[in-house]
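A short write-up of the structure that comes next.
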Amino acid sequence: IGGGASGAAATPDPVDLPGNELGSGSDYTVFLNFLGVPIVEMSFDGPYGVYHSMYDNYYWMTRFGDPGFRYMTAMADVWGRMALRLANAEVLPFDFGLYASRVDGFAERIAAAAGAGAPSLDAARAAIHRWKAAAATLERRQATLLNEPPGPDRTRRLRELNDALRSVEQQFLLDDGIPGRPWFKHVLYAPRPTYAAMMLPGIQEAIDEGDPGRASAQAALLAARLNAVADLLERVSRMR
């Protein structure tokens, strides 16, 4: 975990695990892309030349893919520990500051790749700044609440806080979905025709199709959804 030069003075690199470049997987796409429910994708990867072939079977897996099922056992352990962490958390452990930084990176990349063909993302970037500030305020609010002595009032406020946190992802949904693909409603993520990820899909597809008017309209919708997230986090931070 981490790296650096060899020797006693080596300093490990920070580990930044969440990727957030989410395409489509058959098991979770409806939750993220249609319902706005947070998801996580974890896997071990590597050369796998038999996928969906006649050799993709129990014999191949036990002899070549994962003899002893060591990788599968390790992944089940990771998933199990994560499930216990979520089930026992007094406050759902979302990192909205990191999420906002990831989305800021999406905006930077799409602007850099499209160049002069990119719509103005100033309003979206301003909304992301609000989101980051609201996330920092919320973290302080959560820390204060968690340090309060146990009691019915604290339990009620924790329940209300978690209910609100679970609804954050739904603020990213567009009522009419992405143009031409209304089933995909998430303003940040959609798959390409394959499982591959596409970030800010409404804007990206408009740019790919050479439609600057539609790209600008989608940028405005993105800013509106990001502001809705910031609004919700600000309201949650004021909850008493």
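If you're matching positions, the sequence shown starts at 447 in the numbering used here and goes up one per residue. Glycine included, every Cβ here is placed at the ideal spot set by N, Cα and C.
Exclusion of the five residues before and after Leu478 leaves Leu468, Ile485, His632, Tyr635 as the residues of its chain whose Cβ lies within less than 7 Å of its Cβ.
Arg603 and Leu679 have their C-alpha atoms some 15 Å from each other. Residue pairing by DSSP puts Tyr635 in a beta bridge opposite Met645. The count of Cβ pairs closer than 8 Å, one atom from the segment 614-628 and one from the segment 519-539, stays below three, leaving the stretches out of contact. Here the alpha carbons of Asp609 and Asn503 stand approximately 42 Å from one another. Annotation: Ser470 is outside any alpha helix (DSSP H) and is labelled neither H nor E by DSSP.
Excluding its 5 nearest sequence neighbours in each direction, Ala546 has C-beta neighbours in its own chain below 7 Å: Ile574, Trp577, Lys578, Ala581, listed in chain order. The beta carbon of Leu567 sits closer than 7 Å to the beta carbons of Ala553, Ala557, Ala665 from its chain, once the five residues preceding and following it are set aside; these are given in chain order.
Within the model, the alpha-carbon separation for Gly561 versus Phe480 is close to 30 Å. Apart from sequence neighbours up to five positions away, the residues of its chain that approach Arg681 with a beta-carbon distance below 8 Å are Ala610, ordered along the chain.
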